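>
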Amino acid sequence: MKRTVQTASLFLAFFILLSSLLACSDQTGQGAMVEKQNDIETTAIQSEETTRLLPDLPQRDFEGYTFRVITRGEWDVHWITKDIFAEELTGDPINDAVYNRNSKICEQYNFEITDIREFSDYTGAAQRSIVSNSDDYDMLAFTLTTMGSFSTAGYVVDLKTVPYIDLEKPWYDQSVNRSMSIAGRLYATTGELMIMDNDATWALLFNKKLAEELQVGSLYDAVKNGIWTIDMLYECVKKAPRDLDGNGTMDEADQWGILGEGFNTFALCAGAGGRVVSKDENDLPYISINTPEFISAFEKAILINARYGDVCFYVSNYQGKYSNVWTECMDVMFSSGKVLFNLAGMNRVTLFRSMDTDFGIIPIPKGSETQKDYHCAVSCYNASCIMIPKTSANLERTGIIIEALSAESMYLLTPAYYEISLKTKYARDDESQEMLDIIFASTVYDLGNIF
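In my numbering, each residue carries its 1-based index in the sequence shown increased by 94.
#1: Please say whether valine 538 and tyrosine 472 have beta carbons closer to each other than 9 Å?
#2: Looking only at its chain, what residues have a beta carbon closer than 8 Å to the beta carbon of glutamate 143, apart from the 5 residues adjacent to it on each side?
#3: Start and end of the alpha helix (DSSP H) containing leucine 541?
#4: Taking 9 Å as the threshold (C-beta atoms), are proline 149 and glutamate 497 in contact?
#5: List the residues that DSSP assigns as beta-bridge partners of alanine 180.
#6: Serine 214 to alanine 361, Cα distance in whole Å?
#7: Apart from the five residues just before and just after leucine 499, which ones in its own chain have a Cβ nearer than 6 Å to its Cβ?
#8: Do valine 317 and proline 457 count as a contact pair if the criterion is CB distance below 9 Å?
#9: The ligand ATP and phenylalanine 435: does the residue's C-beta get closer than 8 Å to at least one heavy atom of that ligand?
#10: Compute the distance between the beta-carbons of serine 273 and aspartate 540, then report whether it is under 9 Å.
#11: Count the other CB atoms within 10 Å of the CB of tyrosine 505; is the residue buried (16 or more) or exposed (fewer)?
#12: In the DSSP assignment, find the unbroken beta strand (DSSP E) run with glycine 354 in it and report its ends.
#13: Identify which residue in Met290, Ser245 and Lys333 has its Cα closest to the Cα of cysteine 91.
#14: Taking leucine 253 as the reference, give the member of Tyr512, Met529, Phe534 and Cys479 with the closest Cα.
#15: Could you tell me which residues DSSP pairs with leucine 299 in its beta bridges?
#16: Taking the alpha-carbon positions, what's the aspartate 524 to tyrosine 203 distance?
#17: One question on the structure: do leucine 353 and valine 310 come within less than 9 Å of each other, judged by their Cβ atoms?
#18: Here's a check: name, in chain order, each residue in its chain whose Cβ is nearer than 8 Å to the Cβ of threonine 485, leaving out the five neighbours to either side.
#19: Quick one: give me the first and last residue of the beta strand (DSSP E) that lysine 333 is part of.
#20: Can you tell me where the alpha helix (DSSP H) with proline 187 in it begins and where it stops?
#21: For my contact list, glutamine 527 and alanine 535 are in at a C-beta cut-off of 8 Å; report their separation, rounded to the angstrom.
#22: Taking just the CA atoms, how far does tryptophan 296 sit from leucine 507?
#23: Which runs of the alpha helix (DSSP H) fall wholly inside the region 230–291 and span at least 4 residues, in chain order?
#24: Beta strand (DSSP E) containing arginine 162: first to last residue?
#25: Apart from the five residues just before and just after leucine 378, which ones in its own chain have a Cβ nearer than 8 Å to its Cβ?
#26: Starting from valine 371, follow the beta strand (DSSP E) in both directions and report where the run begins and ends.
#27: How many Å lie between glutamate 307 and glutamate 329 at the Cα?
#28: With distances taken from CA atoms, which of Lys460, Val426 and Met241 is nearest methionine 449?
#29: Classify methionine 481 as helix, strand or coil using the three-state DSSP reduction.
#30: When you compare the CB positions of lysine 303 and glycine 431, do they come within less than 9 Å of one another, or not?
#31: May I have the straight-line CA-CA distance separating aspartate 345 from alanine 400, to the nearest angstrom?
#32: For isoleucine 398, which residues of its own chain have a beta-carbon under 7 Å away from its beta-carbon, when the five flanking residues on both sides are left out?
#33: Could you tell me the distance, in whole angstroms, from the CA atom of tyrosine 511 to the CA atom of proline 335?
#34: Evaluate tyrosine 258 with the Cβ neighbour count: other Cβ atoms within 10 Å of its Cβ, from every protein chain shown; 16 or more gives buried, anything less gives exposed.
#35: Pull up the distance between the alpha-carbon of serine 503 and that of aspartate 339, whole angstroms please.
#36: Could you tell me the alpha carbon to alpha carbon distance between leucine 183 and methionine 241, rounded to whole angstroms?
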């Protein structure tokens, strides 16, 4: 028991440091940990208007009002905000779904929508506006991590107090609503209005050719049979490293087991059911890393995602050599076939669409075969959320517009992203499509990544 308490204290210090490092680096990293109830299953897409679940909203004429959403824009090639505004129809399924959604709702309520892209200083722009009591924005579409500082500073309103926003509707992510609330208040949510939370869902991509050469067995069958565990992942990654150029030094020229970054340690712990933060019966958070399950998962995760280990090609070791280590090095390592596994966000699936070597998609492994479900962590550092600034002059109008856009997104944007783009265009095989259902049915968020 004494060793457990001491170890847990070390873990807490580690995760505080890890959060700081992640916030300052690539931003590709990620609790009351809550399993996501798969909205994809519970909100089946229907073609007839009469079968749709419609929002309970009044008729309003907003007289051409411009609804202003401040976003992070195209601040990184891996994380481009494309779910708020579309200039015109282009033939791209996601762009056109956003355009058609906005056109329909804007016409119905007589308003316009615009996204204000502040790029590198979007949080600073919002803070300055709110502190000066300027009514510049109706909605903030920032990362979930922003909720921590903005809510404690009093910059955003409790969404449960906003007229006409019904947070129990299926177009809001109930996992976020449960895990991100504090003492019954909720300052940020996400859902069908956005796709960045889907892009920020962590899973494992694997090189199918390399997996066959290394004889790791059928990973798809392992997942379906419930035996895909963190121990099995470790055995797989140990088989991969090769000094391809024979110079005695493992680097970009060689073959590795897995790509690594800071958040991946947390993602592996989350997959094993580990919780950094849980909540009590009063909806108040508390540190919960001193459990045998978490400690066991952490000890295994750091073997796999070790910066100076033998199996992991770790990003921090190469950041000084490239202007953008992700696009110029990490992505190239996987797409060129030199890495067996890539533990990363689902946005990588679209980025690797032109990769010559086939890759598969599987969930993050469980802690043990006795664990009931898989858990796929969502990066709060990358997932976008809905927040409303306290300076919003008309909360009723804001609530109606957000509710209407969110509901329509369930029938336009979600199928464009999930069924048309992710499953049909980018998944390489039928098994990956089945895995996507498992992954998005098992997403978890961690309040410990927010504060």
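Even for Gly, the Cβ is constructed at its ideal location relative to N, Cα and C. Quick caveat: nothing in here was measured; it's all calculated off a predicted structure.
Put simply:
#1: The residue given as residue 472 occupies position 378 in the sequence shown. The residue given as residue 538 occupies position 444 in the sequence shown. According to the sequence displayed, residue 472 carries valine and not tyrosine. Yes, Cβ-Cβ distance for valine 472 and valine 538 is below 9 Å.
#2: Within the sequence shown, the letter at position 49 stands for residue 143. With a pLDDT of only 49 at glutamate 143, under the threshold of 50, the placement of this residue in the model should not be trusted; the figure read from the coordinates follows. Hits under 8 Å: none found.
#3: Working through the sequence shown from its first residue, we reach residue 541 at position 447. Here leucine 541 belongs to no alpha helix (DSSP H), and DSSP marks it neither H nor E.
#4: By 1-based counting over the sequence shown, the position of residue 497 is 403. By 1-based counting over the sequence shown, the position of residue 149 is 55. Against a cut-off of 9 Å, the Cβ pair of proline 149 and glutamate 497 comes out as a contact.
#5: As a working mapping, residue 180 is identified with position 86 in the sequence shown. Note: alanine 180 sits in no beta bridge, so no partner.
#6: Walking along the sequence shown from the start, residue 214 turns up at place 120. Walking along the sequence shown from the start, residue 361 turns up at place 267. Cα to Cα, the separation comes out at about 26 Å.
#7: As a working mapping, residue 499 is identified with position 405 in the sequence shown. So the list reads Ile199 and Leu287, once near-sequence residues are dropped.
#8: By 1-based counting over the sequence shown, the position of residue 457 is 363. By 1-based counting over the sequence shown, the position of residue 317 is 223. Yes, they are a contact pair.
#9: Among the components of this structure there are no ligands whatsoever, and the ligand ATP is therefore not found.
#10: Translated into the one-based positions of the sequence shown, residue 273 becomes position 179. Translated into the one-based positions of the sequence shown, residue 540 becomes position 446. Yes, these two residues count as a Cβ contact at 9 Å.
#11: Residue 505 sits at position 411 when you count from the first residue of the sequence shown. When all chains shown are included, tyrosine 505 counts as buried.
#12: Here residue 354 refers to the residue found at position 260 of the sequence shown. Where glycine 354 is concerned, the enclosing beta strand (DSSP E) stretches over 350–354.
#13: No answer is possible for residue 91: the residues shown for the chain start at 95 and end at 545.
#14: Position 159 of the sequence shown, counted from the start, is the residue given in the question as residue 253. Taking only the C-alpha atoms, the option nearest leucine 253 is Cys479.
#15: Numbered from 1 along the sequence shown, position 205 holds the residue referred to as residue 299. Looking at the DSSP assignment, leucine 299 forms a beta bridge with Asn436 and Ile455.
#16: As a position in the sequence shown, residue 524 is number 430, starting the count at 1. As a position in the sequence shown, residue 203 is number 109, starting the count at 1. Approximately 41 Å between the Cα atoms of the pair.
#17: In the sequence shown, counting from the first residue as 1, residue 353 sits at position 259. In the sequence shown, counting from the first residue as 1, residue 310 sits at position 216. Their beta carbons are not under 9 Å apart, which means leucine 353 does not touch valine 310 by this criterion.
#18: Position 391 of the sequence shown, counted from the start, is the residue given in the question as residue 485. Here the set comprises Ser223, Ile224, Asn227, Ser228, Asp229, Asp230 and Tyr231.
#19: The residue labelled residue 333 in the question sits at position 239 within the sequence shown. Unbroken run through lysine 333 is the alpha helix (DSSP H), 324–333; no beta strand (DSSP E).
#20: Position 93 of the sequence shown, counting from 1, holds the residue named residue 187. Its alpha helix (DSSP H) spans residues 187–203.
#21: Taking the first residue of the sequence shown as 1, we reach residue 527 at position 433. Taking the first residue of the sequence shown as 1, we reach residue 535 at position 441. About 13 Å; that fails the 8 Å criterion.
#22: Taking the first residue of the sequence shown as position 1, residue 507 is located at position 413. Taking the first residue of the sequence shown as position 1, residue 296 is located at position 202. Roughly 20 Å between the two C-alpha positions.
#23: 240–246 and 268–274
#24: Start at 1 with the first residue of the sequence shown, and residue 162 comes out as number 68. Looking at the DSSP string, the run of the beta strand (DSSP E) that includes arginine 162 is 159–165.
#25: Here the question's residue 378 lines up with position 284 in the sequence shown. Here the set comprises Ile276 and Ala277.
#26: Sequence index remark: in the sequence shown, residue 371 carries index 277 (1-based). Residues 371–373.
#27: The sequence position of residue 307 within the sequence shown is 213, counting from 1. The sequence position of residue 329 within the sequence shown is 235, counting from 1. If you take the alpha carbons of glutamate 307 and glutamate 329, they lie about 15 Å apart.
#28: Within the sequence shown, residue 449 is the residue found at index 355, counting from 1. Taking only the C-alpha atoms, the option nearest methionine 449 is Val426.
#29: Locating residue 481 in the sequence shown gives position 387, where the first residue counts as 1. Methionine 481: strand per DSSP, three-state reduction.
#30: Position 209 of the sequence shown, counting from 1, holds the residue named residue 303. Position 337 of the sequence shown, counting from 1, holds the residue named residue 431. Contact flag set, yes.
#31: For the purposes of this step, residue 345 is taken as residue 251 along the sequence shown, with counting starting at 1. For the purposes of this step, residue 400 is taken as residue 306 along the sequence shown, with counting starting at 1. For aspartate 345 and alanine 400, the distance between alpha carbons rounds to 15 Å.
#32: Position 304 of the sequence shown holds residue 398. The residues are Leu327, Tyr328, Val331, Ile352, Leu362, Val405 and Cys406.
#33: The count along the sequence shown starts at 1 and reaches residue 511 at position 417. The count along the sequence shown starts at 1 and reaches residue 335 at position 241. The straight-line gap from Cα to Cα measures roughly 35 Å.
#34: Here the question's residue 258 lines up with position 164 in the sequence shown. Classification of tyrosine 258: buried, given that the 10 Å Cβ count is 16 or more.
#35: As a position in the sequence shown, residue 503 is number 409, starting the count at 1. As a position in the sequence shown, residue 339 is number 245, starting the count at 1. Their backbone Cα atoms lie some 50 Å apart in a straight line.
#36: Here residue 183 refers to the residue found at position 89 of the sequence shown. Here residue 241 refers to the residue found at position 147 of the sequence shown. Taking the straight line joining both Cα atoms gives about 33 Å.
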